[in-house]
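Residues 689 to 933 (our numbering) are what the sequence shown spells out, left to right. Glycine residues also receive a C-beta, built at the ideal position from the N, C-alpha and C atoms.
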Amino acid sequence: MKTMPHIALVASLLAAPAHAQTRPLSYDDYYAIRSVSSTVLSPDGSMVAYIESFVDEGENRSRSKLHLVDVEGQGPPLQVLPPSSEESNPRWSPDGALLAFSRRLLADDGDPSTWFVRPDDPDDPFQIEGLGGVPVFDPTNRLIAFTRPVPPGGQRPDGPELTAEEQKIVDRFDGRAFDWMQFRFGVPIEEAEQMYVALQKQRVPAKMVRYPDSYHGGWTPWRYLHRLYSTHGWWEQWLGEKPIS
């Protein structure tokens, strides 16, 4: 049976038998704890990608880092990226040639971006221009579906037709009227997600295909892309080819 000797769910002190505990859990022990989540086995069963989480004492915040490890224990786990960022949501392409994940720089308060790395070249992570959101690889290894935020299109709805007397009040008004605010309308105006499928040959997409009014897509075994639809029409789908060697 294949094992993963380098992966532990918690620090060894917590895994020790109860009779071996000679003291309560201390402040220093808390910062020594490492936990593992989001483990994904490569399609050929040779490698595991996982997220290691811990608390950074100096920054007083939780951190998460992407690691790769050989399931036979051939070498220690590899931390894919430097400490200046944190990662989440690893997932393999069907052929195991790519590992996709979300990455956020610690100096950036924005949303995470999508990155890729080849397991045979982990020192060269890269992005695909225009691709955002969580990638969904199709079974043929050519296409990637994903969602990303887009601003709502179209004009704001017209107000009710005014009577002559109401129009006089509007014409005489000398102030500001905030008439397109979230607290006054049931439909929010923040950016919504849309789904895309990116067609690309190397690291720059050659073409993007947009699927209007859809979101939360997925692939069938026959490579058809199924999708759900939004009642407000603020969602799109895109489709794309994954990078090739």
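query	result
By the DSSP assignment, the beta strand (DSSP E) with V805 in it spans what residues?	801 to 806
Assuming the contact rule is C-beta atoms closer than 8 Å, A737 and V724 should be a hit. Round their C-beta distance to whole Å, please.	Not confirmed; about 11 Å, so no contact.
If you count every other CB in all the chains shown that lies within 10 Å of the CB of D808, and 16 or more means buried, which is it?	exposed
Buried or exposed: where does L793 fall if 16 or more other Cβ atoms within 10 Å of its Cβ makes it buried?	exposed
Which residues bound the alpha helix (DSSP H) around E854?	852 to 860
Closest by CA to P823, which one among S730, D796, S752, R779?	R779
Return the CA-CA distance between H755 and I739, expressed in angstroms with no decimal places.	6 Å
Quick check on DSSP: helix, strand or coil for A720?	helix
Among all the DSSP beta bridges, which residues are the ones paired with L754?	I739
Taking the straight line between their C-alpha atoms, what separation do you get for P827 and R751?	33 Å
Considering only heavy atoms of the ligand FAD, does any lie closer than 6 Å to the CB of E817?	Summarising the ligand content, the structure contains no ligands, and the ligand FAD is consequently not present.
Give me the Cα-Cα distance between F804 and A788, rounded to the nearest whole angstrom.	4 Å
When DSSP builds the beta bridges, which residues end up paired with D744?	R749
Inspect the beta-carbon positions of S782 and S790 and report whether they are closer than 7 Å.	Residue identity differs from the one stated: residue 782 is Pro in this sequence, not Ser. Contact: no.
Please classify G746 as buried or exposed, where buried requires at least 16 other C-beta atoms within 10 Å of its C-beta.	exposed
Three Cβ pairs or more, each shorter than 8 Å: is that satisfied between the region 711 to 726 and the region 758 to 774?	no
Between Q762, Q767, L819, G820, which has its C-alpha nearest D812's C-alpha?	Q767
What residue from A720, A785, P771, T710 has the CA that sits closest to M735's CA?	A785
Can you give me the C-alpha to C-alpha distance between F742 and N829, rounded to a whole angstrom?	34 Å
Quick check: what's the CA-CA separation for R911 versus R749?	Since pLDDT at R911 reaches only 42, below the 50 mark, its modelled position is unreliable, and the value read off the structure follows with that caveat. Rounded to whole angstroms, R911 to R749 spans 42 Å at the Cα level.
To which residues of the same chain is F873 closer than 8 Å at the C-beta, ignoring the five residues directly before and after it?	Confidence in F873 is poor, its pLDDT being 44 and thus under 50, which makes the residue's placement unreliable; the coordinate value appears in the next sentence. For F873, where only same-chain residues beyond five positions count, there are no Cβ hits under 8 Å.
Going by DSSP, which residues form a beta bridge with Q767?	H755
With a 10 Å radius around its C-beta and 16 neighbouring C-beta atoms as the bar for buried, classify T710 as buried or exposed.	exposed
Less than 7 Å between C-beta atoms, sequence neighbours within five positions excluded: which residues of the same chain meet that for D732?	G784
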